[in-house]
Amino acid sequence: MAESSVLSGRKFAKEVRRNLAEEINRIGGRPPGLAVVIVGDDPASRVYVSMKEKACGKAGIDSVVVRLDGSVSQQKLLLQIDSLNQDTSVDGILCQLPLPGHISADTVASAILPEKDVDGFHPENVGRLWRGEDGLFPCTPVGIIALMKHSNIDIDGADAVIVGRSNIVGKPLAALLLRENATVSLAHSHTSDLEGLCRKADILVAAVGRPRFIKREFIKPGATVIDVGISRTDEGLVGDVDFDNVAPICGAITPVPGGVGPLTIAFLLSNTVKAWKRNN
Ligand code: GUN
Numbered sequence: 014m015a016e017s018s019v020l021s022g023r024k025f026a027k028e029v030r031r032n033l034a035e036e037i038n039r040i041g042g043r044p045p046g047l048a049v050v051i052v053g054d055d056p057a058s059r060v061y062v063s064m065k066e067k068a069c070g071k072a073g074i075d076s077v078v079v080r081l082d083g084s085v086s087q088q089k090l091l092l093q094i095d096s097l098n099q100d101t102s103v104d105g106i107l108c109q110l111p112l113p114g115h116i117s118a119d120t121v122a123s124a125i126l127p128e129k130d131v132d133g134f135h136p137e138n139v140g141r142l143w144r145g146e147d148g149l150f151p152c153t154p155v156g157i158i159a160l161m162k163h164s165n166i167d168i169d170g171a172d173a174v175i176v177g178r179s180n181i182v183g184k185p186l187a188a189l190l191l192r193e194n195a196t197v198s199l200a201h202s203h204t205s206d207l208e209g210l211c212r213k214a215d216i217l218v219a220a221v222g223r224p225r226f227i228k229r230e231f232i233k234p235g236a237t238v239i240d241v242g243i244s245r246t247d248e249g250l251v252g253d254v255d256f257d258n259v260a261p262i263c264g265a266i267t268p269v270p271g272g273v274g275p276l277t278i279a280f281l282l283s284n285t286v287k288a289w290k291r292n293n
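According to my numbering, numbering within the sequence shown proceeds without interruption in unit steps and concludes at 293.
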C-alpha cells in the first residue's frame with residue numbers, strides 16, 4: 014500500500030491567509046473589521062485571541078479586542094455586543110469561549126447579528142447550515158472540509174464517522190459532510206462498539222479531547238484520519254489520535270500540532286472577509 018500522506022493544515026492555512034490578503038487588497042475600500050470579545054483571563058483564550066489579532070493584522074483586517082473583566086454581568090456583555098452590532102466598521106464579532114459560569118454562551122451567540130456571526134454559532138446560521146442554505150458556519154469544520162478538498166480526498170459517498178458531538182466541531186462538521194454527500198455517523202461517549210463503527214470509516218474525525226484515544230485498531234486501512242484534539246501533556250501537545258501507530262496504516266492523516274489547529278484562524282479570517290464582502 015502507498016505510504017500515508019500527512020496533511021499539513023499549517024501550509025494550507027498559510028495559503029488561505031495569503032489569498033485572503035490578496036483579495037482584500039484587490040477589492041480595496043474600507044478594510045474588513047473583526048471584533049473579538051474576551052471575558053476574564055483564561056490563559057489559553059488569551060493566547061488564541063492574540064494569535065487572531067496577529068493574523069488579522071497580517072491579512073489586512075482591522076481587529077479590535079474588547080477585554081472585559083471576568084466578573085462582568087451578562088447584561089453588560091450583551092450591551093457591548095449590541096454596540097458592536099451597530100458599529101458599521103465591524104463586519105465580524107466573536108466572543109471567545111469559554112465564558113465564566115454566570116454567562117450563557119447560548120444567549121451571547123443569539124445576541125450577535127447573524128450576518129456578523131463569524132463563529133457560526135447563532136441559531137439562524139445553525140439552521141441555515143442544516144437546511145443547506147448559505148450562511149456563516151463554524152471555522153474549524155469549514156477548514157476541515159476545505160483541507161480535505163484541497164488534498165483531493167473523496168467525500169462524496171464516503172462513510173464518515175465523527176467522534177465527539179460538540180456544537181463547535183462535531184455537529185457542524187456532520188452537517189457539512191452531509192452537504193458534501195458523505196454518509197455520516199456522529200459518535201459519542203454512549204456509542205456502543207465505537208471501535209467497530211470507526212473501523213468502517215473512510216473518513217474518521219476525532220474531536221473528543223482525549224490524548225491518543227483513537228488507536229490503530231479503530232482504523233480502516235487507507236482511511237483519512239482528521240485529528241481535531243489537542244491536549245497539553247508531559248510529552249508536549251498530543252492529539253486524539255495515536256499518530257505513530259495510526260499513520261502507517263491510514264491513507265492520510267493530520268498531525269498535531271500543524272494539522273487542524275491553524276485552519277481555525279484561517280477560516281475565521283475567511284468568514285470575516287465573507288461578511289465584509291456582503292456588507293461592502
Ligand atoms: N474557544 C475554542 N474554540 C473556539 C471557537 O472556535 N470560537 C470561539 N468563539 N471560542 C472558542
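Even glycine gets a Cβ: it sits at the ideal position worked out from N, Cα and C.
Asked	Found
Pull up the distance between the alpha-carbon of V238 and that of M161, whole angstroms please.	10 Å
Round the Cβ separation of D104 and G46 to the nearest angstrom and send it over; I've been treating them as touching at under 8 Å.	5 Å
Whole angstroms is fine: what's the gap from G271's alpha carbon to A265's?	14 Å
Kindly list the residues whose CB is nearer than 6 Å to the CB of I227, restricted to its own chain and excluding five residues on each side of it in sequence; keep chain order.	A219, D253 and V254
Ignore the nearest five residues each way along the sequence and tell me which others in R80's own chain have a CB closer than 7 Å to its CB.	I51
Is the beta carbon of A26 closer than 7 Å to that of P275?	yes
Would you identify the three-state DSSP class for S21, choosing helix, strand or coil?	coil
Please report the straight-line C-alpha distance between M14 and P261, rounded to a whole angstrom.	Residue placement at M14 is poorly supported in this model, since its pLDDT is 47, which falls under 50; the coordinates still yield a value, given next. M14 and P261: Cα-Cα distance of roughly 10 Å.
Taking C152 and F231 to be in contact with their CB atoms under 8 Å, please state how far apart those CB atoms are, rounded to whole angstroms.	Not confirmed; about 26 Å, so no contact.
Does at least one heavy atom of ligand 1 sit under 6 Å from the Cβ of Q109?	yes
What is the DSSP secondary structure of I266, reduced to helix, strand or coil?	strand
Does at least one heavy atom of ligand 1 sit under 6 Å from the Cβ of I181?	yes
Distance, Cα to Cα, L149 vs P127?	8 Å
Report whether the distance from the Cβ of D100 to the nearest heavy atom of ligand 1 is below 6 Å.	no
Here's the rule: buried if 16 or more other CB atoms are within 10 angstroms of the residue's CB, otherwise exposed. What is L186?	buried
Specify whether the region 105–120 and the region 54–63 touch according to this definition: at least 3 beta carbon pairs, one from each stretch, less than 8 Å apart.	yes
Indicate whether A173 and I216 have their beta-carbon atoms separated by less than 7 Å.	yes
Rounding to the nearest angstrom, what Cα-Cα distance links S102 and G170 in this structure?	42 Å
For G22 and L92, I'd like the C-alpha separation in whole angstroms.	37 Å
Does E187 come out as helix, strand or coil in the three-state DSSP assignment?	Glu is not the amino acid found at residue 187; the sequence shown has Ala there. Note: A187 maps to helix in three-state DSSP.
Determine the burial state of R225: buried for a count of at least 16 other Cβ atoms within 10 Å of its Cβ, exposed for fewer.	buried
A118: buried (16+ other C-beta within 10 angstroms of its C-beta) or exposed?	exposed
Considering S198, what are the terminal residues of the beta strand (DSSP E) in which it resides?	T196 to A200
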